[in-house]
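For reference, the structure is listed below as structure tokens.
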Amino acid sequence: MSIAPPTKQRPTSTLPVKASIARIDGRDVSVAIVLPAFNEQLTIAETIREFHRALPDVSIVVVDNNSTDNTRGCANDALAEIGAGGLLLTEPRQGKGYAVRRAFRSVAADIYVLADADMTYPGSQVLDLVRPIVDDEADMVVGNRLAGGRYAAENKRRLHSFGNSLILALVNRLFGAHLGDIMSGYRAVSGSFVAGYPMLVYGFELETDMTLHALDKRFRVAEVPIDYRDRPAGSVSKLRTFEDGRHVISTIIQLVRYYRPLLFFGTAAMVLGLAGLITALPAIFDWLDYRYVYHLPLAVLATGLEITALMSFGIGLILDSVVHMERLAYERDLLARRLG
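Quick note on numbering that gives the first Met the number 0: the sequence shown kicks off at 0 and runs consecutively.
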């Protein structure tokens, strides 16, 4: 079954359209390849053709994310050229998260493949990502760019590499995981994962957020090594060093805050408690030496810091219980959907 022709956009009032059925390893599954695209007129057509050559029977969903060049026209022509089931959507709100969210809401599939539209990810390896889900061995399969060292050779932004490594180490530490690349934009996810994934991010932190959700909710995550290619000449990266650096710092803070609240607020309580103790030392020495507190402002400040430390620790305990109850509720809902 093919979905709507690429020249038409599905009305927003209708139900999600069904992705095309492909036969993979003896099983019939519906697969949608999602390509968010912002000003990718130089690469979008060849990206579509490459994925079509690898999986000619699947649906290719291009989301034009408010492009100012001819991305939409090039995508439309390429989809018409390959003659496969395809869908061309428009998402005016800027951000990769918004674009992928639009695709998830517009197309129903057993498996979704996410890739960039800049030819950096090889469409020829898409079957490597899809097979573990088809064989029911994983719920998310991530294309590991770092496995062969090609990404390190092609990546000219050392600050990005440092930020990626920092977040990766923190995620593996917090969740007891052994992942090699959590920020890869080339991944496949099951329909059941998408059905229960609350997408609240809007930018390039999408991949990290999806991985965190999978680990926190105990979905099965697998990795396969992939090749990584630099953008072709004339194609400009959308990454911004300082802005993305700010996102890295924010991601680290939010990661601990939302997924490990007791660690976040407990650490804050320890810092405040230590600061209160240090601040109180002059007042304590006053009392020991003179039985009178001469450093009264420091005594008041120390008392405030210690009270704040206790409050912070209490907040951490409460939020840790809330997170635990939320996980229980999610597991019940997930089981209900599967038994459904």
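Don't be surprised by glycine CBs; every beta carbon is placed ideally from N, CA and C.
Measure the alpha-carbon distance for residue i versus residue j and round it to whole angstroms.
i	j	result
Arg337	Ala194	11 Å
Ala3	Ile23	Unreliable placement is indicated for Ala3, whose pLDDT of 44 sits below 50; the coordinate value is still reported in the next sentence. Cα to Cα, the separation comes out at about 22 Å.
Ala335	Pro15	22 Å
Tyr329	Asp288	58 Å
Thr6	Ile32	Unreliable positioning characterises Thr6 in this predicted model, as indicated by a pLDDT of 45, which lies under 50. The coordinate reading is nonetheless provided below. The straight-line gap from Cα to Cα measures roughly 17 Å.
Glu206	Ile181	7 Å
Ala18	Ile81	16 Å
His212	Leu254	11 Å
Glu305	Trp286	18 Å
Asp138	Tyr111	11 Å
Leu34	Leu300	55 Å
Pro281	Val270	19 Å
Val129	Arg259	31 Å
Gly342	Phe312	Nothing can be reported for residue 342, as the shown portion of the chain is limited to 0 through 339.
Ser249	Arg26	42 Å
Pro91	Thr70	14 Å
Thr11	Asn75	Note that Thr11 has pLDDT 46, beneath the 50 cutoff, so the model's placement of it is unreliable and the number below is only indicative. Roughly 19 Å separates the two Cα atoms.
Thr266	Tyr257	14 Å
Val141	Met209	11 Å
Arg172	Leu178	10 Å
Quickly, what does DSSP pair residue i with across the bridge? List them, please.
i	result
Thr46	Per DSSP, none; premise fails for Thr46.
Arg186	Leu113 and Val141
Pro35	Val62
Asp27	Arg22
Val265	Position check: residue 265 holds Gly in this sequence, whereas Val was assumed. Gly265 pairs with nothing; no bridge assigned.
Glu222	Val141
Gly85	Ile59
Val16	Val106
Am I right that residue i and residue j are in contact with their C-beta atoms under 8 Å? What's the rounded C-beta distance?
i	j	result
Leu78	Ile59	7 Å
Thr89	Asp115	18 Å between Cβ atoms; not a contact.
Gly315	Phe264	3 Å
Tyr196	Arg144	Not really, about 22 Å apart at Cβ, beyond 8 Å.
Asp109	Gly190	5 Å
Leu261	Asp319	4 Å
Does the count of Cβ pairs from the segment 114-123 and the segment 177-196 closer than 8 Å reach three?
With the cut-off at 8 Å, the segment 114-123 and the segment 177-196 touch.
Can you list, in chain order, the stretches of the alpha helix (DSSP H) that have 4 or more residues and sit fully within the segment 88-133?
-> If we require 4 residues or more, the alpha helix (DSSP H) runs fully inside the segment 88-133 come out as 95-105 and 125-133.
Alpha helix (DSSP H) runs contained entirely in the segment 239-325, provided each spans 4 or more residues: Fully enclosed alpha helix (DSSP H) runs of 4 or longer: 240-258 and 260-289.
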